[in-house]
Amino acid sequence: MSSIFKRIKDKLADYRRPGYYKEFDYHWAIVVDIDRCNGCEACVVACYAENNIPVVGKKGCDDARIFNWIRIEKYIEGEYPDVRVKFIPIMCQQCDRAPCEIGCPVYATYHNQDGLNVQVYNRCVGTFTCATYCPYDVRRFNWFTYKPDKPLDEQLNPDVTVREMGVMEKCTFCIQRIRYAKDAAKDEERRVRDGEIKPACVQSCPTGALTFGDLKDPNSEVSRLARSRRRYRVFEELNADPSVIYLKRVMGNGKRSHD
Amino acid sequence: MKRRDFIKYLGAGGIGTAMGIFFGKNTKPPGAKLIPYLVPPEEIVPGVGAWYSTLCAQCGAGCGIIVKVMAGRAKKIEGNPLHPVSRGRLCAMGQAAPQGLYNPDRIKGPLKRAGSRGSESFMEVSWEEALRTLAENLAGLKVKGSAEGLYVLAPPLRGHLDALIRDFTATFGSPNYLPYDLFDNRNLAFANAVSMGMESLPHYDIENTRYLVSFGADFSSTWLSPVNLSYGYGQMRQGSPGVRGTLVQVEPRMSLTGANADEWVPARPGTEGLVALAMAHVIVAEGRYRGREARQWRSLLEAFSPVEVAKVSEVEEKRIERLAHEFASTRPSLAIGGDVLSGYTDGVSGLVAVNILNHVAGNIGVKGGVVPNPVDPFFSAPGRDFTRSISTVRDAAESGALKTLLTYNANPLFTTPDNLRLRESLDKVPFMASLSSFMDETTAMADLVLPVHHFLEDWADDFCSPSVGKPVATIMQPAVSPKYNTMGAGDVFLELARRLRHEREKALSGGTEILGEFMDERFSVKDFQEHLKRSWRELHAKDRRLSGGNPTFEGFWNRLLKDGGWWPEGAPMEKGPAVRVKDVAAYMPKGASMFEGEEAKHPFYLMVYPQAGLLDGRGANSPWLQELPDPMTSVVWGSWVEINPATAMKLGIKEGEMVTVESPYGKIDAPAYLYPGIRPDTVAVPIGQGHRSYGRYAKETGANPMDILPSLQDKGSGALSLNSTRVNVSRSPKPGWMVKIEATKKEYGREIVQTVTPEEFERMNKEAT
Amino acid sequence: MGSDRTIEQIPYEDVNADVVRTMTETGRLYYIFLFLSMAGVVVLWGLPWAYQIYTGQGVTGLQTPAFWGIYLANFIFWIGISHSGTLLSAILFITQTPWRRSIYRSAEAMTFFSVMTASIFVFVHMGRPWNFYWTVPYPNQRGLWLNFMSPLMFDVFAISTYATSSMIFLYFGSIPDLAAVRDRVKGWRKEVYTVLSLGWRGTDAEWHWLTKAYTFFAVFIIPLAVSVHSIVSWDFALSKVPGLSKTIFAPYFVVGAIYSGSAGIVTLMIFLRRGLKIEKYITKTHFDKLGMLLVVMSLIWSYINVVEVFTGWYADTSFETESLRYRMFTPPFSYMYWLMIFTNTVMPLFLIFRKVRRSMAPALIISLGINVGMWIERYLIIATSLPRKFHPYMWNDYIPSLVEISITLGSFCFFTMMFLMFVKLWPSVSIYEVKEDIGIPFRTKKGHH
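Protein chains in written order, with our numbering: chain A, 1 to 259; chain B, 260 to 1028; chain C, 1029 to 1477.
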């Protein structure tokens, strides 16, 4: 009896150990250099194409049910003529202390061994809790079963599940590409090389604002960029420990006309 | 069960099965099988994608792409990592190409007009009949001796398809092969030709510049080669450690590029060229100009002192001077002009002014400046014909000189101002045939519709222009087999040539010698693929650069298809041409550009610009692109009018309310979007929406600003002047709604997008090193 | 216990007769109401829900980021309503408060039915309700287990335990009465109550065990009820969303629940005593006491409300400020907010006056007002917090669709239907405890026992 208690105690202690969540096989992360991002939205369409994202039409957009897994937020500051516009791509931040994960009663969203916050569509019962808890508003719900007009469905990517009504979904960091690369690496008995995996958004970004890689590898490109002095994370104070690291935009006060 | 019953059932079942097989065989359309291939080609492995390299034809930039094909279907398009233009990246429009391929509104087979013209009632015909109709029509022209009545309208193609159509038209006996596209940079090419003698568009080396002044060029979304220039932009900003290039945008309406600029200079519309000249004035006046003709330049620029220019442009004198100093002292620097600037009635003058600025600052022919593209005998686009434009077609149609109009992927009815009266003129054309994949406005007018392959199904090639300082040839090869009963564009012309030759033989037996021209072996190949291969065989034989590494042609051809094209590793920088005073004197602006309409009745300048993703409206039939929030306004599925909030308040207009934009030439209704990044005396409307045809996704979404533009053209280049009218804005009673994705423009101090000042950034760099 | 007796002297015989009369004699009005409420359940609830399940959650007004809406507001509202019945009954039982006796039975029934209504809303708001059993922990072949970190999982346990316990509590308390009814009815009723009364004969041993069990459940149910609503509040408080993530939510919800539940009892009692003509048993003294309770709860509730706004304002972050501004000063929510303050803080203050407490019309208005206000409170918590989450780019106003409104109205019909059926099938006033309240056996000229 006491051994059971001891095991439970150890397990709990294990959970409480600082950095428990950091012990991953890999730690996939995206570094977004906002100073490079010019807001062209190539990433958004790339994501649509790769991940079978449904189109909801004008009414659906008006109902705020657009499915963009990655979005470019735009904020305008100041009045004419001192206008400052800022863009930021927001995708699922793959938080290491994810608020969404504690919400789901059925483990439809959980942390996988790569530090990713994954969503099991089959498991989802649609309580909306994960989406409500998400501070980054990146989760999208299948309000209906969205079917593309034929023959647009011929474009659907067979590597990615087509979701049905009642299921929550979100950015996966293109987990299908990660799987392919990991399988290939496993066949060759090595770790995944830096730059081997590129999620659709990272791949398409014309300005090179997005970089994907393994934070556990100190020599990877993301690790290098993550050490930048411009580094920050959105809503760091919420302590969700996101895996998407942003590099601050270099920007004057917008008042150069009055110098 | 009794034995008798068993036999009965067996009999019934047998008959049923036989009937099933019979009807199944006879009623199923060919190819209606669960799996696209019964015996798949060798390279197809279920569940594993095959990547084909080809060319993206969504816009004219000429990006090399790779297409992921699984089980015979195109799934995903990515930039070809080897390709020097796309560099492995791709824009939103390119990504959306599969939606063109699998668009439910594609034309599925040849059509012949059944109702009245423009009524969009067609009947299906066979290719045989369609081609015969067209060939007979052409033969008829020839017989009547009016071969010059054939006009061929196509977008500016650059490869061997271009050469084929040109040859075909010329051989037929017509000089009227007209490349037409709304955004084909005619003004830029013309300005460069007259001021620098450049035959092809240069490479603007944004990547290596340290100080970029853009006069209205929105290279982030549509200008020239967005993917390549955006790559350059990213590199300019953070490509090399510690060095960060500056971007200054001079334009009355803040475009996407303007939004990314470090400084936005909202000059009064039509005065940006003057600002460029004033900057040049400062550089020359202060003796910073080291080139030849210093005295002549000084006198030429005399009239454009910052004091004078400040009065018209509403850009402070001090600011112009500071910009000029920064521009001259930061090395290398670069000025570019386009979109807004080239859209003015004196757009050429503005672009010449930008060239002058580059010249006096010593930016032409240097790394990080204007890099000329070599005029290569083998790999260059042919020089442009500035003498003819879309109004040539209109005039020919009016006068009756236009007998047969052949359009290929061109949609002038949507992209020309209503005021040009092209629709009315084309009504007078006896015969119109359209080679197009979609029922666009122009195709809807046609008598004969010949559906062509989507570019993912077709063969072609392209010599990019602007290139990247070296020749770049890209091959377009079919990534998938044709989805519908369509034909390749090149194949159509070859087939026409074959039929015309046949007609000739018929005519010969009748005793008249009229159609001898198509005997040439160029036209006697099996199909366009053969034609392309033969052309490249010739290139391979002629050009040592090609045959050097690949002695056999087959090896070279295979590598060509694998790599997606051919380009040399590096190329020496071409010597930069100089801008000469005598060449540009005629193009000096007389003042601010002219705008139609009186200020009292039409108080606002109208700026029209291509909407990112839709370009000239061709993207409007893709649901992805329709649902892609506009980068600046986040509006989806519709158009809008950008109004400064102060102006809107004065007019009593709230965001999302319908407004009427009225020019002297007409009016359109669209919802208002309150946009602080636009001058209070200016309104802006995007081009791309407001289709009358073009499929279910494009129809009846938004308004087309071309409806209210005057039909002004630049006298020199023949380009349409888009920013050429004043408008009045008032509230509209019409119903309409605007859907935008953003909830608010403000960040509420939440520090979602965090910034560092340039000074702090410099300090960071110092600390890092 | 004669001193604070709430009921006039009534012969024991009459008590039995009166209670059984409420069950057997039925007016036409009753059937009309029953029919209307049943029709309401089918038309307003059943059909729209079927439509929603068939078409998808898209028929609601929910969107990104307002993923929760009126359904969850209703869920909390009904859980809140459920609170007072059993909790009040248990507390008053332990403290031996005499005025509890004639009202507790229907109050407990109210608890049970509102928990039922609330739990149906859990399914209504689910995206894939046909998979609801995945939230139930039992050994299964899916090889998956539940996430016990999730507050929704706490909910599943808390609410099912609460529903079970309150049902048992209600049933145990009713056994002697069911026996009494058994002895007085004929036909099918006789058979039903024979089974239900579990062979109750009224022996000393039976009374002994019944009292023991009843006391046990009374003690057990008090912490349970407090925990249930705390847990419901954790659905919100464990998030990070401004306006939802509040440490004060647990006590706030419990207080709000008792408050709305008590008001619910007042409303219900007014209808019940009129409808069943049992003014003798539910007297003005009951309303007097309940009125006092309402004043106290109103003051506590208002205090917490002030604290909530104050801490939000004092934090001075954009997140809290915008959420509060949206709730308090942005129409239409501002109207709702200030209406809520009026009905829940201002109006109950009139209950300080004895005269108001003891007259039916004001009591009805105030209690209905409180329930409207409490519903608004729940609605505002959800409908004004989620649309003003962290990213201003994603803000969106939530407007409930017709389907949602219809299902909301349907839930009231469902509750009414259940309660109407209850009063005819169950002794809605406790016979034996009322007799305790009457005190020493008392005989009138006409009555014998």
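Cβ atoms here follow ideal geometry from the backbone N, Cα and C, with glycine treated the same way. For clarity, every value in this text was computed on a predicted model and none was experimentally measured.
Buried or exposed by the 16-neighbour rule on C-beta atoms within 10 Å, applied to residue i
i, result
"residue 183 of chain A", "exposed"
"residue 270 of chain B", "exposed"
"residue 70 of chain A", "buried"
"residue 187 of chain A", "exposed"
"residue 1168 of chain C", "exposed"
"residue 1421 of chain C", "buried"
"residue 177 of chain A", "buried"
"residue 290 of chain B", "Here the model assigns residue 290 of chain B a pLDDT of 48, short of 50, so the residue's position is not dependable, and the following value carries that caveat. Result: exposed."
"residue 825 of chain B", "buried"
"residue 896 of chain B", "buried"
"residue 361 of chain B", "buried"
"residue 533 of chain B", "buried"
"residue 347 of chain B", "buried"
"residue 1226 of chain C", "exposed"
"residue 94 of chain A", "buried"
Backbone CA spacing between residue i and residue j [nearest angstrom]
i, j, result
"residue 219 of chain A", "residue 336 of chain B", "30 Å"
"residue 727 of chain B", "residue 344 of chain B", "7 Å"
"residue 805 of chain B", "residue 107 of chain A", "59 Å"
"residue 191 of chain A", "residue 668 of chain B", "48 Å"
"residue 1026 of chain B", "residue 498 of chain B", "19 Å"
"residue 1175 of chain C", "residue 1100 of chain C", "21 Å"
"residue 1081 of chain C", "residue 1125 of chain C", "47 Å"
"residue 1060 of chain C", "residue 1406 of chain C", "32 Å"
"residue 305 of chain B", "residue 153 of chain A", "18 Å"
"residue 858 of chain B", "residue 987 of chain B", "9 Å"
Residue from the options with nearest C-alpha to residue i
i, options, result
"residue 664 of chain B", "B/846, B/410 and B/887", "B/410"
"residue 1070 of chain C", "C/1451, C/1463, C/1462 and C/1434", "C/1434"
"residue 1093 of chain C", "C/1212, C/1288, C/1269 and C/1154", "C/1269"
"residue 581 of chain B", "B/537, B/572, B/612 and B/623", "B/537"
"residue 1132 of chain C", "C/1152, C/1197, C/1163 and C/1271", "C/1197"
"residue 1249 of chain C", "C/1334, C/1354, C/1116 and C/1105", "C/1116"
"residue 329 of chain B", "B/564, B/307, B/567 and B/433", "B/307"
"residue 1230 of chain C", "C/1224, C/1353, C/1207 and C/1108", "C/1207"
"residue 436 of chain B", "B/646, B/924 and B/575", "B/646"
"residue 965 of chain B", "B/953, B/865, B/994 and B/973", "B/865"
According to DSSP, residues forming a beta bridge with residue i
i, result
"residue 28 of chain A", "A/214"
"residue 1044 of chain C", "The partner list for residue 1044 of chain C (beta bridge, DSSP) is empty, contrary to what the question assumes."
"residue 928 of chain B", "B/919"
"residue 87 of chain A", "A/74"
"residue 462 of chain B", "B/630"
Closer than 7 Å: residue i CB and nearest the ligand ATP heavy atom
i, result
"residue 305 of chain B", "In the structure on display, the ligand ATP does not appear, and there are no ligands present to speak of."
Hey, which unbroken runs of the alpha helix (DSSP H) at 4 residues or more fall wholly within the stretch 1326-1397 of chain C? 1346-1357, 1361-1369 and 1382-1386
Enumerate, from N- to C-terminal direction, the unbroken alpha helix (DSSP H) stretches of 4 or more residues contained entirely within the stretch 496-559 of chain B. 515-519, 531-544 and 553-559
Residue ranges of each beta strand (DSSP E) within the stretch 608-671 of chain B, 3 or longer: 663-667
Counting only runs of 4+ residues fully inside the stretch 1035-1120 of chain C, write out the alpha helix (DSSP H) ranges in chain order. 1040-1052, 1056-1068 and 1075-1083
Under 7 Å, CB to CB, which of the residues in the stretch 201-215 of chain A have a partner in chain E? No chain E appears in this structure, whose protein chains are A, B and C.
Curious, which full-length alpha helix (DSSP H) runs of at least 4 residues does the stretch 28-61 of chain A contain? 42-51
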